[in-house]
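Trainee: Chains as they are written, first to last, in this note's numbering: chain A, 63 to 289; chain B, 570 to 808; chain C, 4 to 395. Below is one structure. I have some questions about it.
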Amino acid sequence: MLDWGWLADHLGAFADRTVQHLYLAAVGLVVGFAIAFALGLVAIRRRRSYPPIAGAAGILYTIPSLVLFAALVPITGLSLLTAEVPLVIYTQVIFIRNIVAGFDAVPADVLEAADGMGYARDQRLLRVELPLAVPLIVAGLRVASVSTIGLVTITGTLGDRFGGLGFFIFEGYSRGFATEIAAGAVGSMVLALVVDAVLVRVQRFLTPWTRPPALAAERLPADAATS
Amino acid sequence: MDIVTKTIAWFGDPANWSGQSGIPARLAEHVGISAITLALAIAITLPIGLWIGHTGRGTRLAVGLANLGRAVPTLAVMGILVPFTAVIDPALGFTTYPTILAMLLLAAPSILVNAYAGIHEVDRDLVEAARGMGFREWQILGRVELPVALPVVLGGVRSAAVQVLATATLGAIFGFGGLGRFLVDGIAQRDTGQIWGGVVLVAALVLSSETGFALLGRRLTSRGLRAGAATAATSPAGA
Amino acid sequence: MEPDERALGNAAATVEFEHVTKRYDAGENGPGAVNDLSFVVPAGKICVLVGPSGCGKTTSLKMVNRLIEPTAGRILIDGRDISTEDPIGLRRRIGYVIQQTGLFPHQTIGENIAVVPRLLGWPASRQRERAEELLGIVGLDAARYRDRYPSQLSGGERQRVGVARALAADPPLMLMDEPFGAVDPIVREHLQNELLRVQADLAKTILFVTHDIDEAIKMGDLVAVMQNGGRLAQFAPPAELLARPASEFVARFVGADRGLKRMSLMRVRDLPLHAAVTARPGDDAADALRRITADPFPYLLLVDRSGAPIGWFDEAEIPATGTLSADAAVSMSPLFAPETTLKDALSMLLDNEVQAGIAVDRGGRVLGLVTDGDIAAAARPDGPAARPDAGA
Ligand SMILES: Nc1ncnc2c1ncn2[C@@H]1O[C@H](COP(=O)(O)OP(=O)(O)OP(=O)(O)O)[C@@H](O)[C@H]1O
Ligand SMILES: [Mg+2]
Numbered sequence: 063m064l065d066w067g068w069l070a071d072h073l074g075a076f077a078d079r080t081v082q083h084l085y086l087a088a089v090g091l092v093v094g095f096a097i098a099f100a101l102g103l104v105a106i107r108r109r110r111s112y113p114p115i116a117g118a119a120g121i122l123y124t125i126p127s128l129v130l131f132a133a134l135v136p137i138t139g140l141s142l143l144t145a146e147v148p149l150v151i152y153t154q155v156i157f158i159r160n161i162v163a164g165f166d167a168v169p170a171d172v173l174e175a176a177d178g179m180g181y182a183r184d185q186r187l188l189r190v191e192l193p194l195a196v197p198l199i200v201a202g203l204r205v206a207s208v209s210t211i212g213l214v215t216i217t218g219t220l221g222d223r224f225g226g227l228g229f230f231i232f233e234g235y236s237r238g239f240a241t242e243i244a245a246g247a248v249g250s251m252v253l254a255l256v257v258d259a260v261l262v263r264v265q266r267f268l269t270p271w272t273r274p275p276a277l278a279a280e281r282l283p284a285d286a287a288t289s
Numbered sequence: 570m571d572i573v574t575k576t577i578a579w580f581g582d583p584a585n586w587s588g589q590s591g592i593p594a595r596l597a598e599h600v601g602i603s604a605i606t607l608a609l610a611i612a613i614t615l616p617i618g619l620w621i622g623h624t625g626r627g628t629r630l631a632v633g634l635a636n637l638g639r640a641v642p643t644l645a646v647m648g649i650l651v652p653f654t655a656v657i658d659p660a661l662g663f664t665t666y667p668t669i670l671a672m673l674l675l676a677a678p679s680i681l682v683n684a685y686a687g688i689h690e691v692d693r694d695l696v697e698a699a700r701g702m703g704f705r706e707w708q709i710l711g712r713v714e715l716p717v718a719l720p721v722v723l724g725g726v727r728s729a730a731v732q733v734l735a736t737a738t739l740g741a742i743f744g745f746g747g748l749g750r751f752l753v754d755g756i757a758q759r760d761t762g763q764i765w766g767g768v769v770l771v772a773a774l775v776l777s778s779e780t781g782f783a784l785l786g787r788r789l790t791s792r793g794l795r796a797g798a799a800t801a802a803t804s805p806a807g808a
Numbered sequence: 004m005e006p007d008e009r010a011l012g013n014a015a016a017t018v019e020f021e022h023v024t025k026r027y028d029a030g031e032n033g034p035g036a037v038n039d040l041s042f043v044v045p046a047g048k049i050c051v052l053v054g055p056s057g058c059g060k061t062t063s064l065k066m067v068n069r070l071i072e073p074t075a076g077r078i079l080i081d082g083r084d085i086s087t088e089d090p091i092g093l094r095r096r097i098g099y100v101i102q103q104t105g106l107f108p109h110q111t112i113g114e115n116i117a118v119v120p121r122l123l124g125w126p127a128s129r130q131r132e133r134a135e136e137l138l139g140i141v142g143l144d145a146a147r148y149r150d151r152y153p154s155q156l157s158g159g160e161r162q163r164v165g166v167a168r169a170l171a172a173d174p175p176l177m178l179m180d181e182p183f184g185a186v187d188p189i190v191r192e193h194l195q196n197e198l199l200r201v202q203a204d205l206a207k208t209i210l211f212v213t214h215d216i217d218e219a220i221k222m223g224d225l226v227a228v229m230q231n232g233g234r235l236a237q238f239a240p241p242a243e244l245l246a247r248p249a250s251e252f253v254a255r256f257v258g259a260d261r262g263l264k265r266m267s268l269m270r271v272r273d274l275p276l277h278a279a280v281t282a283r284p285g286d287d288a289a290d291a292l293r294r295i296t297a298d299p300f301p302y303l304l305l306v307d308r309s310g311a312p313i314g315w316f317d318e319a320e321i322p323a324t325g326t327l328s329a330d331a332a333v334s335m336s337p338l339f340a341p342e343t344t345l346k347d348a349l350s351m352l353l354d355n356e357v358q359a360g361i362a363v364d365r366g367g368r369v370l371g372l373v374t375d376g377d378i379a380a381a382a383r384p385d386g387p388a389a390r391p392d393a394g395a
């Protein structure tokens, strides 16, 4: 079924495309996060703006990916911008929801204590709320990363200059070569899994207080069904 | 402006309305395959999801598989299927088979998870009360749990429908017919009118599906539940 | 000592409420959450705000650190109107303890305690020293607890950390909102005693909210009883509150057992003691008999050379001739220290089935006798407990 020799001969190309894949995904994630963070802060400060913001992001999310890439081609051409804009758009709903949920999860007594001890508003946001929102924000980052890495393959529609590991799917199809298609597909999935695993480590590092199991008797284990 | 005029021109060209690659044929192809696949996915997954939700058995396995299914990228799923389907049929194995299989695989998770979650979230006191009144298990599921859980269950089907339509579109990359052809061919031919014609058609299709399911949900939901009806999880149609 | 620290005014602060009113819904002319509240808490005293749920205790407390702004009236700290001060700076000079602790889950215990010192810009080494010192003050081993996270502590330990955190910058004023409300009665009792011990050294001004009248009586130098609608029903030391409730509401709130409660505020030293008729082993029996017959109390107390009690002789059993022998004395009554509460003293009398106990000083020497009748008389509303200074 598979042509292992071809794989061995193309390891160099694989490495290059992996780097490209990571680059395309990273740009989308970083820009997407920056925009979502700003929107998330707006939603937190003005609660009424949350439903329309989340609603708009949700509607954009239902647009099939190929449609969004294709729609941009007549406008921005076969460019990096055309590749990145959809990636950024698709991250929004995931990021915004998790950022808002993360800030919402900060316990009220912690906020009251922070105010009572004399934290100024921005200090409280930066030193108390943000760190406590990190677990949910990173959870969102994980979902967004896996999703974005999958979507990067579709940028192959924009030609050989894009696609990351998806390039092999497109080239394999045009040559009727199953091994190459499968290699691109498996490669992109493995990449997503690896990045996800790395992010789990990052979260453990960023939130050491969630690491040790609770020793206190009052902390009962959460309902297994919901975890 | 350019896009609008070109798109209007493309829709106005009679040549695009006839033949095997005309708009009606592509639309029929897209809707037909999607409907059949969705029906198949519902028939297979919905009973499993309801059963898991009612009994609570196999919860972890189901949720785990479903989350995995939601995380895997569409194009990659198709790509992985190709070596297998190509062995079975050298021609359709590169086009139709991987597309339909991917549509099935990717529709299943949202149906399964929402069916499970919808039933699971039904107030256990309600179920106990029904049991106490002498309902049989299948009666509890059919007359108590399902009606209460219907908005959530239907939300899963709605997400699956969008997923199926999106996957069918992506199938065009693998030579599959349907509306995605206009997008892929339009890009290849630098044909703005064709690209945006496809964009409008797919967007309209997704929108109709969403609206249709929303209306259906409202029809089928008991009036007593309408006020607090849960909204469905947004579909991961992007990937 | 650095200048910033002196600016904190480490001595205790005086707090004055002047006709303070708070209405949450501005337009309305309803009763409001707090109504025309006026009282003065002298420096170094614990003032307990007590009252039924919803009577405005928390609201009153939060107006002191300006988490809530009054609708009318003023609050003065050391004579300065707090509405003229920067709320952030004000809060950093006031310790704040709440029932749910509000410990920061993402910071270690050491970091949690040093929160305000860090906000005030203390150098890191001093923050660390201060955290360790405070862990010691609240009775937690610094080496064991400093690097743990709040989720690794029990409820009682978290409360101690909450108190330590409020003390960190040595504030002249502490606000405590039901600080021990969420722990079990045994731990609560323990924490109350610890706080009183710490307070004996530090002498902060403390505003302490509770809805438990027993806690109010135990902790307060002054008690402000509030009633629904945020009105002050009575402001008095605990003993006076129990002896002379100002209204039907206060009487009901302090409870039908307020006589018993008063007994837990009064101590043996507050009672007029009866002189005991004493004799030593080897004394002449005839002489002792003559003396005891002259006294209304029919028992002779045998004491040793230092004046410490040995045992009793019933008037009827004293031999007419010869000397008194320690062997013939019957077993002891309970001994009371001057600081034994009347409640404990009465309980000891009941347990021993006797009518009188012996008050002894630190050296064990007899000071006098206390009878159950004395205790009952003292606990009556017109007894010595009603003197405002008796219990405080
Ligand atoms: N943020 C708020 N907005 C409107 N009303 C409030 C608010 N906070 C408190 N109240 C009302 O003000 C009144 C006093 O509340 P407060 O929290 O001060 O009571 P409390 O004496 O501390 O009660 P508890 O013992 O239950 O803590 C209550 O009737 C309450 O409903
Ligand atoms: Mg309160």
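Positions of the beta carbon are idealized from the N, C-alpha and C atoms, including for glycine. From a predicted model like this one, the values you see are computed outputs, not experimental measurements.
Name, please, each residue of chain D whose Cβ falls closer than 7 Å to the Cβ of Thr738/B.
Mentor: Considering every chain present, this structure includes no chain D. Its protein chains are A, B and C.
Trainee: Starting from Ser41/C, trace the beta strand (DSSP E) both ways and give me its first and last residue.
Mentor: Val37 to Val44
Trainee: Going by the beta-carbon positions, is the gap between Val200/A and Ser250/A smaller than 9 Å?
Mentor: no
Trainee: Looking at Ile680/B: is its Cβ nearer than 9 Å to the Cβ of Thr576/B?
Mentor: no
Trainee: Any chance you could list the beta strand (DSSP E) runs of at least 3 consecutive residues sitting entirely within the region 647 to 713 of chain B, in chain order?
Mentor: Within the region 647 to 713 of chain B, no complete beta strand (DSSP E) run reaches 3 residues.
Trainee: If you measure between the beta carbons of Gln202/C and Ile49/C, is that distance less than 9 Å?
Mentor: Cβ atoms of Gln202/C and Ile49/C: closer than 9 Å.
Trainee: Take Leu227/A and list the residues in its own chain whose beta-carbon comes closer than 7 Å to its own, dropping the five residues that flank it on each side.
Mentor: Arg79, Thr80, His83, Thr215, Gly246, Gly249, Ser250 and Leu253
Trainee: Return the Cβ separation of Gln230/C and Phe252/C in integer angstroms, given the expectation that the two are a contact with Cβ distance under 8 Å.
Mentor: 5 Å
Trainee: Could you name the residues of the same chain whose beta carbon sits closer than 7 Å to that of Glu160/C, not counting the 5 residues immediately before and after it, in chain order?
Mentor: Taken in chain order, the residues that qualify are Leu143.
Trainee: When you compare only the Cα positions, how much space is there between Val141/C and Arg693/B?
Mentor: 46 Å
Trainee: Return yes when the C-beta of Asp180/C is under 8 Å from any heavy atom of ligand 2, and no when it is not.
Mentor: yes
Trainee: Give a yes or no on whether 9 Å exceeds the smallest Cβ distance from Phe832/B to chain A.
Mentor: Nothing about residue 832/B can be read from this structure; chain B reaches only from 570 to 808.
Trainee: Thr61/C: beta carbon under 8 Å from a heavy atom of ligand 2?
Mentor: yes
Trainee: Count Cβ pairs between the region 702 to 717 of chain B and the region 637 to 649 of chain B that sit closer than 8 Å; are there 3 or more?
Mentor: no
Trainee: Measuring alpha carbon to alpha carbon, tell me which of Arg270/C, Ser328/C and Lys264/C ends up nearest Ala291/C.
Mentor: Ser328/C
Trainee: Within 9 Å of any Cβ in chain C, is that where the Cβ of Ala75/A sits?
Mentor: Taking a beta-carbon distance threshold of 9 Å, Ala75/A does not count as an interface residue toward chain C.
Trainee: May I have a chain-ordered list of the alpha helix (DSSP H) segments no shorter than 4 residues that lie completely inside the region 315 to 378 of chain C?
Mentor: 345 to 355
Trainee: I want to verify the contact list: residues of chain A whose CB lies under 7 Å from the CB of Asn68/C, in sequence order.
Mentor: Gly178
Trainee: Counting contacts by CB-CB distance shorter than 9 Å, is Ala175/A in contact with chain C?
Mentor: yes
Trainee: Which same chain residues, not among the five before or five after Val771/B, have their C-beta less than 6 Å away from its C-beta?
Mentor: Thr738 and Leu748
Trainee: CB Leu178/C to CB Ile209/C, shorter than 9 Å?
Mentor: yes
Trainee: Under a three-way DSSP split, which group does Phe743/B fall into?
Mentor: It is helical.
Trainee: On the criterion of 16 or more Cβ atoms from any shown chain inside 10 Å, does Gln758/B qualify as buried, or is it exposed?
Mentor: exposed
Trainee: Can you find a heavy atom of ligand 2 that lies under 8 Å from the Cβ of Val212/C?
Mentor: yes
Trainee: Judging by CA-CA distance, which residue of Glu146/A, Val147/A, Thr217/A and Phe157/A is the nearest neighbour of Leu291/A?
Mentor: Summary: the structure shown does not reach residue 291/A, with chain A confined to residues 63 through 289, and so no result is reported for it.
Trainee: Below 8 Å, can you find three or more Cβ-Cβ pairs linking the region 80 to 96 of chain C to the region 163 to 183 of chain A?
Mentor: Yes, since at least three Cβ pairs between the region 80 to 96 of chain C and the region 163 to 183 of chain A fall closer than 8 Å, the two stretches touch.
Trainee: Just to check my reading of the structure: Gly59/C and Val37/C have Cβ atoms closer than 8 Å, yes? What is that Cβ distance to the nearest angstrom?
Mentor: Their Cβ separation, rounded to whole angstroms, is 4 Å, which keeps Gly59/C and Val37/C in contact under 8 Å.
Trainee: Please find out if some non-hydrogen atom of ligand 1 comes closer than 8 Å to the beta-carbon of Val37/C.
Mentor: yes
Trainee: Along chain A, which residues have their Cβ under 8 Å away from the Cβ of Ile764/B?
Mentor: Ala132, Ala133, Val135 and Pro136
Trainee: Going straight from the alpha carbon of Ala145/A to that of Thr153/A, what length do you get?
Mentor: 14 Å
Trainee: Is there a Cβ from chain C that is less than 9 Å from the Cβ of Ala201/A?
Mentor: no
Trainee: According to DSSP, is Leu134/A part of a helix, a strand, or is it coil?
Mentor: Leu134/A falls in the helix class under three-state DSSP.
Trainee: Determine the closest residue to Phe267/A out of Leu255/A, Pro197/A and Ser209/A, with distance taken between C-alpha atoms.
Mentor: Pro197/A
Trainee: Rounded to a whole number of angstroms, what is the C-alpha to C-alpha distance between Thr296/C and Asp364/C?
Mentor: 27 Å
Trainee: Can you give me, in chain order, the residues of the region 109 to 123 of chain C that have a beta carbon less than 7 Å from any beta carbon in chain A?
Mentor: Within the region 109 to 123 of chain C, His109, Val118, Val119 and Leu122 place their CB atoms closer than 7 Å to a CB of chain A, listed in sequence order.
Trainee: Any beta-carbon of chain B closer than 9 Å to the one on Phe232/A?
Mentor: Between Phe232/A and chain B, the shortest Cβ-Cβ separation is below 9 Å.
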